[in-house]
Each structure stands twice: as structure tokens, then as C-alpha cells.
Amino acid sequence: MKEHISVWQLGALIYATIIPTAILVVPSVVMAHSKQDAWISIAGATVLGVGIAWLTGALAMRVPQSSSFLGWISQRLGKWIAIVVGLLLTLYYISISSIILQEFTNILSDQILFETPDWVIMFIIMCVCSYAVYGGVEVIARVNGVVTTVSIITYCISLLLFINLIEPSQLLPVMNTPFPHIAYGGLLPLGWLSETALVLLLGPFLQSKKGIAKAAMGGTVAAGFHLTITVALCLILFGPIMPQQFRYPTFSMIEIIKLGTTLERLDILFVSFWVCTIYIKMTLFLFGAFHCLTETFRIKPSKSVLLGLNLVIMATAFVSYHDETVFDNQMQHITPYELLGMNLVLPALLAVALFIRKKVPRKRRS
350 MKEHISVWQL
360 GALIYATIIP
370 TAILVVPSVV
380 MAHSKQDAWI
390 SIAGATVLGV
400 GIAWLTGALA
410 MRVPQSSSFL
420 GWISQRLGKW
430 IAIVVGLLLT
440 LYYISISSII
450 LQEFTNILSD
460 QILFETPDWV
470 IMFIIMCVCS
480 YAVYGGVEVI
490 ARVNGVVTTV
500 SIITYCISLL
510 LFINLIEPSQ
520 LLPVMNTPFP
530 HIAYGGLLPL
540 GWLSETALVL
550 LLGPFLQSKK
560 GIAKAAMGGT
570 VAAGFHLTIT
580 VALCLILFGP
590 IMPQQFRYPT
600 FSMIEIIKLG
610 TTLERLDILF
620 VSFWVCTIYI
630 KMTLFLFGAF
640 HCLTETFRIK
650 PSKSVLLGLN
660 LVIMATAFVS
670 YHDETVFDNQ
680 MQHITPYELL
690 GMNLVLPALL
700 AVALFIRKKV
710 PRKRRS
């Protein structure tokens, strides 16, 4: 691999893979199940998410830097296993990319571009993301380093502006919600936190394999901490019931910030930086779909292949998720299981298969 990224850049990419969509969807859905204990659901999901990050990071560390993940699977488990895994991952990244695209489009049309047709917004988003994907992982990592740093600084500043509005009593009583509800409330955020499995594709680009697991777990911890603070603050400001009525509770939370009579509508600033982060996430998943597609079918990466992939993702988003009711049902009841299946179950099965494959020759020799 000619391109190289650092441990910090990989950790920032993992963080950017999780946060942009999770920070909008997670609060209201988790509160519907966990009420004022929603932050506990997020914290618990973060602990489990770190375990997933360790698993995928440990698996990615075994991939030689001279090989891709699917190429390594082909060498160790056979060509047909690699093809099946490649097809599953290609379909998965296409599916999630279309969901991200539809969510991105919905927010832009609801918050900013009220009169612009959805297909025009989708086309512009895909053009920008395709340009970044064709530029390569190193370019994506450098841009993300700037975007992530600025967005985190902005987020920390916004937290300071909430000090006068904080009412910690909204978090009490702690553990008042039945534990099964708290556990089920953590399922959705765990699905988003499991997206750290993208490290399997990004790992070979790292300069030193020793930092892969560290970057994966660090990015997951940062994303989980960000989500926990956001949900706790949303509870403190609105309580556990009101956020369930908001489509995007995080935006509603930012809208109430004012600096006297001189500065208001700081949500515009938040949306601006959020748009940058969602572009990064969309680009990473488009890269995943493009990489898996070309590796599985042994196609030379080209602009025509990327164009065809863009059309498939746009068509999937526009046809399958254009109805908001269907889309909300997909996000709450199907996507978490899809995420966990492809980011936890599949890597775990591969790890078991690799372990068995490693042990069998030794028994035969003995």
C-alpha cells in the first residue's frame, strides 16, 4: 500500500465513522426505552463497543501491510470464503451508505434547503464524496483530522454555554428504569459504536500495525463519551419525555443557546460543522463499498465503477427509504441488528475460523 495514515488519524476516522449519525438518532430512541437512565445505556454500550473495537483491531493487526483484508482472507481461508465475505460487506456498505445518504438529505431539506429536490441534494453529496474516495484514504484522513479537531473544539465551547441552563435533578432517580429496558436502550448505540469494524479495511493503511487496536478502541471511547455527554445534557435540559417528540433532539438543544441579545441561532454553526463530519462518514462508507466491490470481483478501481456504485446507492436511498415512516422504522428496528451482524458476528466468525485453520495443520503434523 502506497498510502499511509497515523494512529491518531485512524482513531479520528473511527470517531468520525460513529458520531455524525449517532448523535442525531440515538438520544430520542434511547430515551424512549431508558427514560432518565438513557446515559447509563450509552455508557454500557460504550464498554461493549470497546470490546468490539478490540476484536476487530486484533483481527486487523494480523493483516499484512502488503495485502488487503479480503486478500488476506482469501490466502488464509480460501477464495470462496473471501468472495462470500466480500459480497456480504459490499451489500452492507451499500445499504448503510444509502441510509446515511437519506438521513443526510432529510436533514438538509428540513433544516436548510427547503425547496431543493431530494435527488439534487443526493447528487451533490455523492459527487463530493466520490471525489474524496478517488483521492484516497490518506487525503480523507488529512481532511478528517482538521474537521474533527474543529468540531470537537466547537462542541466543547457549546457545552460551556449550557452551564446556566443545567438542572441535574432531571437525571434522578438513577436506575429507576427496569434493567431490561436500560439494556435494550443500549442496543441501538451499540450498533453505531460497532461501526469501528471499518478498521478491518483501514488497518493495512496504518504505518505501524501495533497501533491498530489502540486507534480502534480510542476512537470508540471518544465517540461513546461524546454520546454519553450529549444524552445526559439533553436529559438535563428537556427531561426524558420531551426529546422523544423531537425529530433531531441535538439540533433542538443547540437552538436554545443565546449570548445575550448580540448572538443567537448558534445552531447554524453546529449544522455547518455537522455537515462536514457527515460528509466524512459518507465518504468512509462509500470507500468501504468501493473497496469491497473491486476486491471481491477483482475489478480495477476506476471512475466508471465508482459512478455505477453511486447510482446504486442513490437509487437504494431514494426508492427504499424515501418514505419517512419506513425510514424511521428501518433506523430503530432493523439497522441496529444489521450493524451488529456485520460488525460483530461476522468478524467473530472469521476469528474463530482463522483460529481453527491455524490449529488443524498442527494436529495433522503430530
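First residue of the sequence shown: 350, per our numbering; consecutive thereafter.
C-beta atoms are modelled at their ideal positions from N, C-alpha and C, and glycine is treated no differently.
Cut-off 7 Å between Cβ atoms - residues of its own chain near residue i, not counting five sequence neighbours on either side
{"i": "S417", "result": "P553, E644"}
{"i": "A562", "result": "W403, G406, A407, M410"}
{"i": "R706", "result": "R425, L426"}
As assigned by DSSP and simplified to three states, the class of residue i
{"i": "L633", "result": "helix"}
{"i": "L584", "result": "helix"}
{"i": "R713", "result": "Any answer about R713 is weak, because its pLDDT of 48 lies below 50 and its placement is not dependable; what the coordinates show is given next. Correct three-state label for R713: helix."}
{"i": "F622", "result": "helix"}
{"i": "P592", "result": "helix"}
{"i": "L510", "result": "coil"}
{"i": "H640", "result": "helix"}
{"i": "R491", "result": "helix"}
{"i": "P685", "result": "helix"}
{"i": "P696", "result": "helix"}
{"i": "R647", "result": "coil"}
{"i": "I461", "result": "coil"}
{"i": "Y628", "result": "helix"}
{"i": "Y504", "result": "helix"}
6 Å CB neighbourhood of residue i in its chain, flanking five on each side removed
{"i": "L419", "result": "A431, G435, E644"}
{"i": "Y533", "result": "H382"}
{"i": "L408", "result": "P696, A700"}
{"i": "E516", "result": "I585"}
{"i": "P376", "result": "V580, C583, P592, P598"}
{"i": "S447", "result": "I662, T665, A666"}
{"i": "K384", "result": "T526, P589"}
{"i": "A564", "result": "V356, L359, G360"}
{"i": "T503", "result": "F622"}
{"i": "F587", "result": "none"}
{"i": "L689", "result": "G540, S543"}
Strand pairing of residue i, partner residues [DSSP]
{"i": "L656", "result": "None, per the DSSP bridge assignment."}
{"i": "L555", "result": "I354"}
Limits of the unbroken alpha helix (DSSP H) element including residue i
{"i": "L359", "result": "356 to 383"}
{"i": "E604", "result": "598 to 604"}
{"i": "N678", "result": "673 to 678"}
{"i": "M475", "result": "467 to 484"}
Neighbourhood of residue i by C-beta distance below 8 Å, restricted to the same chain and skipping five residues each side
{"i": "A371", "result": "P538, W541, L542, A572, L576"}
{"i": "T626", "result": "A365, I368, P369, V496, T497, S500"}
{"i": "L549", "result": "T405, L408, A409, V412, F418, P696"}
{"i": "F639", "result": "V482, P650, V654, L655, L658"}
{"i": "E673", "result": "N455"}
{"i": "L521", "result": "Q385"}
Task: Contained alpha helix (DSSP H) runs [length at least 4] in the region 513 to 548, N- to C-terminal order - done: Residue ranges of uninterrupted alpha helix (DSSP H) with 4 or more members, entirely inside the region 513 to 548 and ordered along the chain, are 528 to 534, 536 to 542.
Open item on the list: My parser needs the alpha helix (DSSP H) runs of 4 or more residues fully inside the region 389 to 458; what are they?
Closed with: Counting only runs of 4 or more, we get 418 to 426.
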